[in-house]
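In case it helps, mature numbering (1 follows the signal peptide of the UniProt record, and there is no 0) puts the sequence shown at residues -23 to -1, 1 to 409.
Worksheet: one structure, shown below.
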Amino acid sequence: MRLKPFVILFACFVLIGASSLFGAPAKKQKEKLPPLTSINFIDRSGVSETIQSGERLKQYQDVDFFRPQSYQRVTRVFARNSKGEQKSIITSYHANGQIKQYIEALNQSAMGPYYEWHENGQLKLRVYVIGGLADLGPSSAQTWLFDGLADAYDDKGRLLAEISYTKGVLEDESLYYHTNGKIHKKVPFSQGKIHGTLEIYHPDGKLFQKIQYEDDKKTGPLYGYWPNGKLAAQETYKLDRLMEGKYYDKNEKEIAGVKNGKGVRAIFNENRLLSLNEINNGIVEGEIKEFDKNGILTSSYRIKNGLKHGEEIEYYSFEEVGKEGVKHLSINWHDGKIQGVTKTWFSNGVLESQREMSENVKNGILTAWYENGNMMMLEEYEKDKLVKGKYFKKGDRTAVSEVKDGKGIATLFDPSGNFLRKINYQQGKPVE
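As structure tokens, then:
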């Protein structure tokens, strides 16, 4: 599936961390613009006003709309040129008045530079648009076609990405940067697909991963390296399926392996082991184990047909309880939906809560206890609606409040027995 150009550019801006404020918009403003034929203002309250009177338009002809304004948005339409073409410019503004977006249009089609700024005035995006709807809404942006190099910056003016387009299609090498200015990724594109050698680098500039792609699919070797330059992973792919793999810790000890599409794959970030993933038939299928920065197990679950299936367990961190393997949460999954009994435990091993779930919603009995094991509440749900419930003070056997037939008051306490709040229920749902 090919993503829309704007989706790709936005995703790159959000996900890739990495030089100066781009000055072209100010230069653009100095160019002689044709006479205005109309101008539309939308103020902070959403009230729209359109001016078409020649005398009133003159006062806006030379206004610098790159400077802070009191409007949400301004649309300027200019006189047609000798070719009969009509230019328009749309600008929008942050709540603090700083310019937010700028786009040009020709004959009501997006055509020209598009700029976007952070609220502090730093440039966020710079790209050239050669087609699409001439508007600034998200749905219009999905239709834009980019051409040339698109740049993305963070709110400190640091370059995040340089993404290359040819007539709306990703083409040639795109670059992504760490915040220190060094290259993070080199991604080769051909006709909108990743094709060639993709390289990822550590923040110090040393190679982290080298991956071979053909038509958007991993095909061929992958090499991964620790910051000390030692081999962390060596894999072989065939059409996105992992066929062979060997994985090493920083001391070059083998910790996992895949052979003939079956085994365990180790996932690393730039500094440590993140998870061990069971591989079957070249894809993730089976148990997943996730680890913290000290290599201690934090959670485990299973994948079937790309979805969580079976029991998922989360553990307390070693820092919280001083030992490994203390359960915090247990969830049962069926084809990607929570189904069955979900449990939580206090750090001392005492059961904290137990609830019955059906397709991601509460359906059945929910029980909760205090840290000392005393009953806190007993509820019954039907398709996520509270049917009945009893609520107890710590150490009491008589309910302090009840819900019957979906109506009543739930009195809530913290694990130590301190009062939190009361919630009024009507027809099985809380009401203000």
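Don't be surprised by glycine CBs; every beta carbon is placed ideally from N, CA and C.
- Query: If residue 416 sits next to K187, beta carbons under 8 Å apart, how far is it from one beta carbon to the other, in whole angstroms?
  - Reply: A question about residue 416 goes unanswered here, because the residues of the chain that appear run from -23 up to 409.
- Going by DSSP, name the residue or residues bridged to M334. Position 357 of the sequence shown, counted from the first residue, corresponds to residue 334. G317, K339.
- Between which two residues does the alpha helix (DSSP H) harbouring R33 extend? As a working note, residue 33 is residue 56 in the sequence shown. 31 to 35 is the span of the alpha helix (DSSP H), which, as asked, contains R33.
- Item | Selected residue, minimal CA-CA separation from K339, among E329, L328, D361 | Walking along the sequence shown from the start, residue 339 turns up at place 362. When only C-alpha atoms are compared, the closest one is D361.
- What are the boundary residues of the alpha helix (DSSP H) that E221 is part of? For this step, residue 221 is matched to residue 244 along the sequence shown. First-last for E221: 218 to 225, but that is the beta strand (DSSP E), not the alpha helix (DSSP H).
- Query: Going by DSSP, what residues sit across from Y402 in a beta bridge?
  - Reply: Residue 402 sits at position 425 when you count from the first residue of the sequence shown. DSSP lists G385, P407 as partners of Y402.
- Confirm, please, whether the CB-CB distance from K314 to E336 is below 9 Å. Start at 1 with the first residue of the sequence shown, and residue 336 comes out as number 359. Start at 1 with the first residue of the sequence shown, and residue 314 comes out as number 337. Yes; because the gap between Cβ atoms is below 9 Å, this pair is in contact.
- Message: Please list the terminal residues of the continuous beta strand (DSSP E) segment that includes F323.
- Response: Indexing the sequence shown from 1 puts residue 323 at position 346. Careful: F323 lies outside any beta strand (DSSP E) and carries neither H nor E.
- Would you call the CB atoms of E255 and G238 closer than 9 Å? Here residue 255 refers to the residue found at position 278 of the sequence shown. Here residue 238 refers to the residue found at position 261 of the sequence shown. In this structure, G238 does not lie closer than 9 Å to E255 by Cβ.
- Task: Provide the residue span of the beta strand (DSSP E) that contains E229, from first to last.
- Result: By 1-based counting over the sequence shown, the position of residue 229 is 252. Where E229 is concerned, there is no enclosing beta strand (DSSP E), given that its DSSP letter is neither H nor E.
- Measure from the alpha carbon of L219 to the alpha carbon of each residue in K236, E148, Q316, I28, then state which is nearest. Within the sequence shown, residue 219 is the residue found at index 242, counting from 1. For L219, the nearest C-alpha among the options comes from K236.
- So, is R374 buried or exposed, given that buried needs 16 or more other C-beta atoms within 10 angstroms? Along the sequence shown, read from residue 1 onward, the residue named residue 374 stands at position 397. Label assigned to R374: exposed.
- Query: Is the distance from the Cβ of L284 to the Cβ of K266 below 9 Å?
  - Reply: Reading the sequence shown from its first residue, position 307 is the one you call residue 284. Reading the sequence shown from its first residue, position 289 is the one you call residue 266. Not closer than 9 Å, so no.
- Using the beta-carbon count (16 or more within 10 Å), is Q46 buried or exposed? One-based indexing of the sequence shown puts residue 46 at position 69. Buried.
- Query: What alpha helix (DSSP H) runs, 4 residues minimum, are completely inside the stretch 46 to 92?
  - Reply: none
- Query: In three-state DSSP terms, what is A210?
  - Reply: Here residue 210 is taken as the residue at index 233 of the sequence shown, counted from 1. Strand.
- May I ask you to list the residues that DSSP assigns as paired with Q186? Walking along the sequence shown from the start, residue 186 turns up at place 209. According to DSSP, which records beta bridges pairwise, Q186 is partnered with I177, G201.
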